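Working notes for the structure below.
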Amino acid sequence: MSSDQFQHHLRRVAISSRGADIDATLLPLRLDPKHTAILLDIDGTLAPVILHPERTRIPAPTMSLLRRLHVEYRLLGIITGRRALDARHIVGLDIDYTGNHGLERLTPHAAKTVLDASVGAWRDRVRTVFEQHCGPDLAARGVGIEDKEFVLTLRWRGASDLAAAQAAVFAVGEVAKKAGLVVQPGRGSIEIRPPVDVDKGTALRRVVDDNPQIRHVLYAGDELGDVSALRALDALRRSGRLQSVVRVGVASDQVPDAILRNADLVVRGPRGVQRLLKRLHKPVKAVPPRTL
1297 MSSDQFQHHL RRVAISSRGA DIDATLLPLR LDPKHTAILL DIDGTLAPVI
1347 LHPERTRIPA PTMSLLRRLH VEYRLLGIIT GRRALDARHI VGLDIDYTGN
1397 HGLERLTPHA AKTVLDASVG AWRDRVRTVF EQHCGPDLAA RGVGIEDKEF
1447 VLTLRWRGAS DLAAAQAAVF AVGEVAKKAG LVVQPGRGSI EIRPPVDVDK
1497 GTALRRVVDD NPQIRHVLYA GDELGDVSAL RALDALRRSG RLQSVVRVGV
1547 ASDQVPDAIL RNADLVVRGP RGVQRLLKRL HKPVKAVPPR TL
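Written out as structure tokens, the structure reads:
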């Protein structure tokens, strides 16, 4: 997306995403925190996207807010492309984690993740692509290789020769497609995953189904994989299962247009998410009774 297109979409969607309008949108959640779930992505949402994902850290002010919201709201959860155990390590809270874009779940107090039943049959094909095509030659081109057992993420951002690294990654992607796997584009990356009907949208629905007391949900995400979660929230709102939803698009210069088109609010980067979480924590002022 060009800079002009980005600014156009940002103005179109965020025109009511400021000040009192944000507070009005968040008010149903803030008035009923014990029936509200706050679900968040990590990279690009809670923490900046960096060249070396293993070094990701959530800023201290955001972590402080997450600790408070964990106490104040019914459910705080993470839905991420990372492995669930890695997400728990980054966040450091005993909350609900969905990893690998919905393929695994790590509930509070659990020691092990639970894999989606549809995944196991595809493990050998993913492992074959990794072992035969993700070796030293790929790394030598500056490609970052993240092995998540059932999912592979290949990143070319940061390579000295971006074109050559991207071509090498796309070649692996073609091999994966021929093996029947799905190749999903990301921000300077691709993700190779099993062709199963599981995504962040189905993950969000699972969290809601497992918590029938939830009436309101906020979800925030920044990349193409988050669109399914935003759309799932809209469907849950239209069906009447949820009383209110807040779909937050986290904008950057590379934000997919689909994020902006499916968002109720748009904030700019992890700092914008931090300010939004601060508003969720802000007490609701009591309205004095009118005198007749």
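Using our numbering, read the sequence shown as starting at 1297 and increasing by one per residue.
Don't be surprised by glycine CBs; every beta carbon is placed ideally from N, CA and C.
Computed from a prediction, not measured in an experiment: that's the story for all the values here.
| Check | Outcome |
| --- | --- |
| Starting from SER1360 and walking both ways along the alpha helix (DSSP H), at which residues does that stretch end? | 1356-1368 |
| In the DSSP output, which residue or residues are listed as bridge partners for GLY1440? | ARG1451 |
| Going by the beta-carbon positions, is the gap between ARG1543 and LEU1526 smaller than 8 Å? | yes |
| Please look up how many angstroms separate the CB atoms of ALA1455 and VAL1439, rounded, as I've assumed it's under 8 Å. | 6 Å |
| I'd like the span of the beta strand (DSSP E) that includes ALA1516, first residue to last. | 1512-1517 |
| Do you know offhand how far ASP1443's Cα is from LEU1327's? | 42 Å |
| Between PRO1357, ASP1433, GLY1497, which has its C-alpha nearest LEU1342's C-alpha? | PRO1357 |
| Thinking C-beta only, is PRO1329 closer than 8 Å to TYR1369? | yes |
| When you compare the stretch 1486-1501 with the stretch 1413-1421, are there three or more beta-carbon pairs, one atom per stretch, that lie closer than 8 Å? | yes |
| For GLY1545, list the residues DSSP reports as bridge partners. | GLY1517, VAL1562 |
| Between the stretch 1553-1568 and the stretch 1339-1355, do three or more beta carbon pairs fall short of 8 Å? | yes |
| Three-state secondary structure (DSSP) at GLU1400? | strand |
| Per DSSP, what are the beta-bridge partners of ALA1343 in this structure? | ASP1339 |
| My output table needs one value for GLU1470: the three-state DSSP class, helix, strand or coil. | helix |
| My output table needs one value for ARG1307: the three-state DSSP class, helix, strand or coil. | Confidence at ARG1307 is low in this model, with a pLDDT of 46, below 50, so its placement is unreliable and the value that follows should be read with caution. Correct three-state label for ARG1307: helix. |
| With distances taken from CA atoms, which of HIS1429, ARG1419, LEU1389, GLY1398 is nearest HIS1405? | LEU1389 |
| Give the DSSP-derived three-state secondary structure of ILE1318 in the structure shown. | helix |
| Output needed for LEU1532: all residues of its chain with C-beta closer than 6 Å, excluding positions within five of it in sequence on either side, in chain order. | LEU1538 |
| Could you tell me whether the stretch 1510-1523 touches the stretch 1551-1564, using the rule of 3 or more Cβ pairs below 8 Å? | yes |
| Report the residue from HIS1429, GLU1470, LEU1529, GLN1428 whose alpha carbon sits nearest the alpha carbon of LEU1335. | LEU1529 |
| Within a Cβ cutoff of 6 Å, which residues of the same chain sit near HIS1429, ignoring the five residues on either side of it in sequence? | VAL1468, VAL1471 |
| Does the beta-carbon of LEU1561 have 16 or more other beta-carbons within 10 angstroms, so that it is buried, or is it exposed? | buried |
| Determine which residues share a DSSP beta bridge with ARG1489 and list them. | VAL1478 |
| Exposed or buried, which one is ASP1505 when buried takes at least 16 other CB atoms within 10 Å? | exposed |
| May I ask you to report which of helix, strand or coil DSSP gives ALA1333? | strand |
| In the DSSP assignment, find the unbroken beta strand (DSSP E) run with ASP1392 in it and report its ends. | 1392-1395 |
| Can you tell me where the beta strand (DSSP E) holding GLY1373 begins and where it ends? | 1371-1375 |
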